[in-house]
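Everything on this sheet refers to the single structure shown next.
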Amino acid sequence: EKAAITDLRSIKQQLDEAKLEQEKAERSYDLNKAAEIRFGRIPELQKKLAELERQYSAGPNRMLRDEVVPEDIAAIVSSWTGIPVSKLVDSERERILQLDDILQKRVVGQAEAVRVTAEAIQRSRAGLSDPNRPIASLVFLGPTGVGKTELCKALAESLFSSPDAMVRIDMSEYMEKHTVSRLIGAPPGYVGYDQGGQLTDAVRRKPYSVLLFDEMEKAHPDVFNILLQVLDDGILTDGKGNTVSFKNCICVFTSNIGSSSILELAGEAEADDTVQEEIKERVMTAV
Numbered sequence: 001e002k003a004a005i006t007d008l009r010s011i012k013q014q015l016d017e018a019k020l021e022q023e024k025a026e027r028s029y030d031l032n033k034a035a036e037i038r039f040g041r042i043p044e045l046q047k048k049l050a051e052l053e054r055q056y057s058a059g060p061n062r063m064l065r066d067e068v069v070p071e072d073i074a075a076i077v078s079s080w081t082g083i084p085v086s087k088l089v090d091s092e093r094e095r096i097l098q099l100d101d102i103l104q105k106r107v108v109g110q111a112e113a114v115r116v117t118a119e120a121i122q123r124s125r126a127g128l129s130d131p132n133r134p135i136a137s138l139v140f141l142g143p144t145g146v147g148k149t150e151l152c153k154a155l156a157e158s159l160f161s162s163p164d165a166m167v168r169i170d171m172s173e174y175m176e177k178h179t180v181s182r183l184i185g186a187p188p189g190y191v192g193y194d195q196g197g198q199l200t201d202a203v204r205r206k207p208y209s210v211l212l213f214d215e216m217e218k219a220h221p222d223v224f225n226i227l228l229q230v231l232d233d234g235i236l237t238d239g240k241g242n243t244v245s246f247k248n249c250i251c252v253f254t255s256n257i258g259s260s261s262i263l264e265l266a267g268e269a270e271a272d273d274t275v276q277e278e279i280k281e282r283v284m285t286a287v
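Under full-length UniProt numbering, the first residue of the sequence shown is numbered 1, with each subsequent residue one higher.
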């Protein structure tokens, strides 16, 4: 296949050279040579080129191309900017409209949570929310293993074309007051100034991403003051004074608060709707 592409390029180069040679012959009034090239060599090269292109296009499962297509350009721009390829070439409208169905196939047994999540994102994309804030701000509560993290991965893959578009931050690492600087970076003159912030640097590299703040109840209250600025204004200033935009992010907070109440009453939940209301009341009280 590579040899065929090389042959194609060689014939095209010979054809271009023949045309240039014909023009030179015409300018020097060497009409015999110009006629020989025009009616002899050029048609022969064009015939060879057409035959090679026909053979190459008829070959099955081509892996190489001799020309750049829009998808190639989109892939390079995506690698430079962090913007998903789907944002550049696909119809976002179609993906947003089908978001509920796409997520339901990935996350089983959480139909209500998936539906509410999809509707929140659809409202934002319809222009019914502040365009300067994050696309959506969600809180997932429940015991381990119910699909909180899996739903975040599904969101990242369906909206931003890659599961790597999910940035996970373990809030148990931010239990102390001084750990706030790790999110946005230490100010000038302090230790770690050159390292940057774990949150701000991650969003700067991946402006289109799902931010998963895992086990939010374990974080220090000062951490929530920082995150409140993200949810309200959609921006955050790091330790170096650079402003980072979160308006293309989805912020998800997860917690195990109230898990004991959920597990205690889970067996009765299908039989009695009042039990489900009691679970909700207990969980919200714990929150």
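Ideal Cβ positions, reconstructed from N, Cα and C, are used throughout, including at glycine. Bear in mind the structure is a predicted one, so any value in this text is a computation, not a measurement.
Ranked by Cα distance from K240, the first of E215, H220 and L183 is L183.
Rounded to whole angstroms, the gap between the alpha carbons of F140 and A186 is 30 Å. The region 205 to 219 and the region 154 to 170 touch, with no fewer than 3 CB-CB distances between them shorter than 8 Å. DSSP places I121 outside any beta strand (DSSP E); the residue lies instead in the alpha helix (DSSP H), whose first and last residues are A111 to R125. Taking C-beta atoms as the reference points, L52 and D7 count as a pair closer than 8 Å. Taking the C-beta atoms as reference points, L231 is found no nearer than 8 Å to V244. Taking 8 Å as the cut-off, the beta carbon of K247 is found no closer than this to the beta carbon of S172. Leaving aside the five residues that flank I73 on each side, none in its chain has a CB nearer than 7 Å to its CB. Boundaries around R168 are those of the beta strand (DSSP E), M166 to D170, since no alpha helix (DSSP H) includes it. For F160, the enclosing alpha helix (DSSP H) covers residues K148 to F160.
Residue pairing of T254 in beta bridges, as defined by DSSP: F140. Nearest C-alpha to E94 among G127, S158, G109 and E26: S158.
The shortest C-alpha to C-alpha distance from G147 to any of R204, N256 and Y174 is the one to N256. Distance from the CA atom of A202 to the CA atom of F160, rounded to whole angstroms, is 15 Å. Looking at the DSSP output, T237 bridges to T243.
One thing to note: I37 has its Cβ no nearer than 8 Å to the Cβ of L15.
For V210, the secondary structure class from DSSP, reduced to helix, strand or coil, is strand. D130 counts as exposed, since fewer than 16 other C-beta atoms from the protein chains shown sit within 10 angstroms of its C-beta.
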